[in-house]
Every structure is written in C-alpha cells, then in structure tokens.
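Here's the structure, in structure tokens; my notes come after.
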Amino acid sequence: MKHDIRRIALAAVIPLFLLFILYLLKFLEVGMDWDFRRLGVYPMEQRGVFGIFAHPLVHGSWRHLLANTLPLFFLSWCLFYFYRHIASYIFFAIWIGCGAFTFLIGKPGWHIGASGIIYGLAFFLFFSGILRKHVPLIAISLLVTFLYGGLVWNMFPFFAKETTSWEGHLSGAIAGTICSLAFMGYGPQRPDPFADEEETPDEEPGDEDSVEDSIEDGVEPGIESGAENEISAGKTDQPS
C-alpha cells in the first residue's frame, strides 16, 4: 500500500513542476507587462526555431492556460505512472516532435501553448495501450478515448477556430503516434501466459524401450537388481 501511494506521488512530481513553471511565466508576463509570444514557433523562419523548444511554456491568456491545466496534468501523470521507466524519453520526444512538425507544417504566425503536448500524450497513451495488448494499458486507452475523444476534431482546419493552431494539435498527435510505435518494445509489456510453466525435457532416444525391457524382466525402473536381492534376503539398516 505504501509503495502504491509513493508511486502515485512520484508520478505527479514532474507534471506539477511543469504546471508551476507555466503559471510562473504567465504571472511574470502579466505582472511585468511582457510579451512572451515570440517564444513560440514561427513556421519556416529562423526566428521561430527556438520556439520548437519553448512554445509549450507560453499561453496567450489565462483562459488558454486554465483550459490546458487539467488535461496536461492528468495525461502527464498517466504517462509517468504507467510508463515510469521510459516516461521522460517519451515526454521529451513528444515535446520536441510537436514543435518540429509545427515548424514544418504550420501557417505563418506564432504558435504557442501546451495543447500540442496534450494531443501527443493522448495519442501515445491510446495507441500504446492498444499495441501492447496489456489490460491496464488498454483500460487507460479507453479512458483517454472517453475523456478526450472529442479533441480529434480540433486537428483539422474545417472544425478548428481561426485562432486555434490545428497544426500544433495535429503535430502533437503525429509525435505521440510515432512514439507509441518507436517505444513499443520498451517499458511495460503484456505478461507471457506461459512464463510460469516448466518445460518437460525431451526423452533421449531409446529411453522408452529400456523402460519396457526393465518391466518385462521384473525390475521396476530406477531400482537396481542388487538392491532388490538385499530386500528379499531380509537385510535392513536397523541394528540387531
């Protein structure tokens, strides 16, 4: 029980720390009257390269940040709880992959916010659980589908608002899907149903015939004839 509580708490450390950074930056931006939008991704221009690394840290408004807070925390926690040994690599790959794809396919303008990370985490958790065929991970896949299945519509320009970076959402989804395939051989796996069964060693050729010959001669397999003679003569190990 204590181990489970400790594991739950540890899985929340990085998500909470990330949210702390996001809110701290927003407080600084508002309090100091700064504009952090230029830390975002500007596709196919040199000034937007740094945003590949920094764009999830910046949000356009408090409403934007608040909308991302709960899904970012929950999906990040799921990643660090169920995939704790490889979670850091996956999170970093989704972070960079989302920014890189947005840089390549995004429309002109500053793309900011952690929404792409959310899409990346959601798609990773969904496809990874399905591909691994491990019951707890499949359950997470279904839960993600139930909670965030509606996000898929904001990946396409036909349904997303003009002010929404659907390219960032799509980029995160692509990055998460690629990670689910690239890391499929690492981390938690479906238990082998035959792992606990002991294999019976193959019999050597001729063993079956020798057993049959022993039975025909009146000797039980595994008992030497000399031992049988001692028993029939009444010899025992008891002191006289």
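Per our numbering, the sequence shown runs over residues 383 to 622. Glycine included, C-beta positions come from ideal geometry on N, C-alpha and C.
Candidates the options, of which the one nearest residue i by Cα
i: LEU524; options: LEU507, VAL534, ARG514, PHE538; result: LEU507
i: HIS467; options: MET426, GLU427, LEU392; result: LEU392
i: GLY472; options: HIS551, SER497, SER510, ASN450; result: According to the sequence as given, residue 472 is Ile; it is not Gly. The residue with the shortest Cα to Cα distance from ILE472 is SER510.
i: PHE522; options: SER470, TYR405, SER547, TYR463; result: Note that residue 522 is Ile in the sequence shown, not Phe. The shortest C-alpha separation from ILE522 is found at TYR463.
i: TYR405; options: THR527, THR559, ALA496, ALA555; result: ALA496
i: VAL423; options: ILE494, THR546, PHE565; result: ILE494
i: LEU486; options: LEU552, HIS441, LEU452, PRO453; result: LEU552
i: ALA555; options: THR545, ASN536, PRO570, TYR568; result: ASN536
i: ILE390; options: VAL534, PHE455, THR546, GLY531; result: PHE455
i: GLY498; options: VAL534, ALA564, ASP415; result: VAL534
i: THR484; options: THR545, ALA542, GLY430, PHE402; result: GLY430
i: PRO453; options: THR545, PHE538, VAL526, TRP416; result: VAL526
DSSP-derived helix/strand/coil call for residue i
i: HIS446; result: helix
i: HIS385; result: helix
i: HIS467; result: coil
i: GLU427; result: coil
i: SER596; result: Residue placement at SER596 is flagged as unreliable, the pLDDT there being 43, under the threshold of 50; the coordinate-derived value follows with that caveat. Helix.
Segment limits, alpha helix (DSSP H) that includes residue i
i: LEU406; result: 395-413
i: ILE434; result: 433-436
Contacts around residue i, its chain only, beta-carbon distance under 6 Å, and the 5 residues preceding and following it disregarded
i: ASP386; result: none
i: ALA557; result: ILE476, GLY479, CYS480, GLY502
i: GLY488; result: PRO425, GLU549
i: ILE458; result: At residue 458 the sequence reads Ser, which differs from the Ile that was named. Once the five neighbours on either side are set aside, the close Cβ partners of SER458 are PRO397.
i: PHE418; result: GLU411, VAL440
Own chain, CB closer than 7 Å to residue i, minus 5 neighbours either side, in chain order
i: ALA469; result: LEU461, PHE462
i: LYS515; result: ARG572
i: PRO569; result: Looking at the sequence provided, one finds Gly at residue 569 rather than Pro. If we look at GLY569 and ignore the five residues flanking it on each side, its Cβ neighbours are TYR465, HIS467, ILE468.
i: CYS561; result: ILE472, ALA475, ILE476, PHE506
i: PRO587; result: Note that PRO587 scores a pLDDT of 45, beneath 50, so its modelled location is shaky; the value from the coordinates is reported in the next line. Answer for PRO587: no residue qualifies.
Heavy atom of the ligand NAD within 7 Å of residue i beta-carbon
i: ILE556; result: As presented, the structure is devoid of all ligands, the ligand NAD included, so that no description of it is given.
Mind pulling the alpha helix (DSSP H) runs of 4 or more residues that sit fully within the stretch 507-587? 517-530, 548-564
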